[in-house]
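Plus 159 on top of the position in the sequence shown (first one is 1) and you've got our numbering. The C-beta atom is built at its ideal place from N, Cα and C for all residues, glycine as well.
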Amino acid sequence: MEMREQWRSRWGFVLAAAGSAVGLGNLWGFAYKASQGGGAVFLLLYVLIVLLVCLPVLVSEMVLGRSTGKSPLLAPIAAAGSAWQPMGWVFVFASCGILAFYAVLMGWTADTFFHSLFFGLPGTLDEANEFVGSVSTGSSVFLGQLFSLFLTASVVVAGIRGGIERLARWSMPLLFALVIILAIWAATLPGAIAGYQEFLFKVDFSQFSNLKTIRLAFGQAFFSLSLGIGIMVAYASYLDKRSPLPKEAVLISSLDTSVGILAGMVTFPILMSFPVAKDALGESFVKTLFVALPTGLSSLGLLGQLVAVLFFGLAFIAALTSSISLLEVPVSSLIDRFGWTRDKAVIFSSVFIFLIGIPAALSDKVLGNMASFLDLLLLLGGFLIAILIGWFASRVFDEDLAGCNSSFRGRRYLKFMLRWVSPPVIAFGLIVSLIDLL
Ligand code: TRP
């Protein structure tokens, strides 16, 4: 038997996992969802869900991957028997579905980047509409989608160390530095305070009973942490036995949340500083940032163009470190299950994902629906993982964590949450989301 590949270092794994977590969901989804009325209540719910529900599930996904050393398709069977087979398939198809629409969004990001770099920013409302048109309709969408999938595939084909870890090592530190610099710069804008108020401090307690706010907070927590469909199973299956998983889970989720908040501290001040940006905020739920930001920034001339190029460049790199994690799920599963070579698995998966992404590329309404539906699958996946590891394979959990010296109290706390808190809370989130969507 061939030896399973391993991360070169502990940091390689942490950066790759953080790279998976930090993506368009942080740079764009977080701000967008907070602005849908939830405001500070959305943020508070998000943090609570991460702490109470997501952290234990995150550790469980890692344990599932590391203790079995299997791909997301086969790990559930290895841990708890063949009755869990369907769960593996849900993981594989959900990852393909998410990457299908994610690649379209990445394509828009790439188009916006190139457009800002070569043609400049739209200064008026008319130009803004033209800008959206050239970015998100027609052949440029397919070009962007293909370009994004192609880059994703080229990284994944190079394997864990040579592809995924290598990319994460240089891009993640760069990304953190950039988002911090941009947030500091945005703090000097005239609308900075108004922006923070709009984003972080808009308190409206009635939002606690708003189903949409609750659904968005659950969806965002799972989506942003890449949770519920086996990404962390895949990544942790290449991990050595000594890495302290609970610590790493805390690190990964703190990095992820910080980038989400920092990104909002970049976008909201820009939106509040330049009136033309607010005018450009359209109806369409996805296009908002892609138009409003460049349009607002155009007021600053060359400096604005530089900021736009940096922001969308940053967003694209962040998206790439996420998309590779999504592709790794079907790829590692095909290799594991059918003994395919990595090349073959990558080509097959990418073509399949391109095809199922076509409807999303043609209509942003389809894209939005796809995203909402897949958020439900993430919750369902998270629920199943909590049940699997908390109840059916809890020995695996104890043994694996005892092996990496995590404290007994920490383990007991995690397991308690996993058994008694995560499943009912996720079930609640699922039911609320279903009701709200229907
Ligand atoms: N977390 C990434 C983001 O915030 C996207 C992502 C990567 C993802 N892998 C995932 C979302 C798995 C859900 C499940 O953009």
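For the putative contact between residue i and residue j, defined by C-beta atoms under 8 Å, what is the C-beta separation to the nearest angstrom?
i, j, result
"residue 351", "residue 345", "6 Å"
"residue 214", "residue 412", "6 Å"
"residue 372", "residue 204", "7 Å"
"residue 430", "residue 451", "6 Å"
"residue 248", "residue 397", "Not a contact, Cβ separation roughly 22 Å."
"residue 486", "residue 280", "So it is not a contact: roughly 32 Å between Cβ atoms."
"residue 542", "residue 376", "That belief does not hold up - the Cβ atoms of residue 542 and residue 376 are roughly 16 Å apart, past 8 Å."
"residue 301", "residue 520", "6 Å"
"residue 185", "residue 419", "4 Å"
Taking 8 Å as the CB-CB cut-off, is residue i touching chain B?
i, result
"residue 373", "Within the model displayed, chain B is absent; a lone protein chain is all it includes."
Check this for me: beta carbons of residue i and residue j, under 8 Å apart or not?
i, j, result
"residue 181", "residue 341", "no"
"residue 349", "residue 432", "yes"
"residue 557", "residue 316", "no"
"residue 191", "residue 533", "no"
"residue 488", "residue 251", "yes"
"residue 589", "residue 538", "yes"
"residue 455", "residue 193", "no"
"residue 153", "residue 491", "For the chain, the structure presents residues 160 to 597; residue 153 sits outside this window and is missing."
"residue 189", "residue 366", "no"
"residue 453", "residue 271", "yes"
"residue 269", "residue 292", "no"
"residue 591", "residue 275", "no"
"residue 305", "residue 513", "yes"
"residue 594", "residue 256", "no"
Decide if residue i is buried, meaning its Cβ has at least 16 other Cβ atoms within 10 Å, or exposed.
i, result
"residue 581", "buried"
"residue 173", "buried"
"residue 495", "buried"
"residue 461", "exposed"
"residue 388", "buried"
"residue 475", "buried"
"residue 564", "exposed"
"residue 427", "buried"
"residue 229", "buried"
"residue 245", "exposed"
"residue 311", "buried"
"residue 544", "buried"
"residue 523", "buried"
"residue 170", "exposed"
"residue 382", "buried"
"residue 434", "exposed"
"residue 362", "exposed"
"residue 285", "exposed"
"residue 390", "buried"
Cβ contact check for the segment 241–249 and the segment 572–591: 3 or more pairs under 8 Å | no
Just jot down, in chain order, the residues whose CB lies closer than 6 Å to any heavy atom of ligand 1.
179, 180, 182, 183, 184, 185, 257, 382, 383, 385, 388, 390, 481, 484, 485 and 537
| message | With three or more beta-carbon pairs closer than 8 Å as the criterion, would you say the segment 474–482 touches the segment 317–333? | response | yes
Given 8 Å, three or more beta-carbon pairs between the segment 263–281 and the segment 397–410: no
With a cut-off of 8 Å, do at least 3 Cβ pairs link the segment 360–376 to the segment 217–224? no
* Three or more C-beta pairs below 8 Å linking the segment 543–556 and the segment 221–233 -> yes
Q | Cβ contact check for the segment 306–323 and the segment 497–514: 3 or more pairs under 8 Å | A | yes
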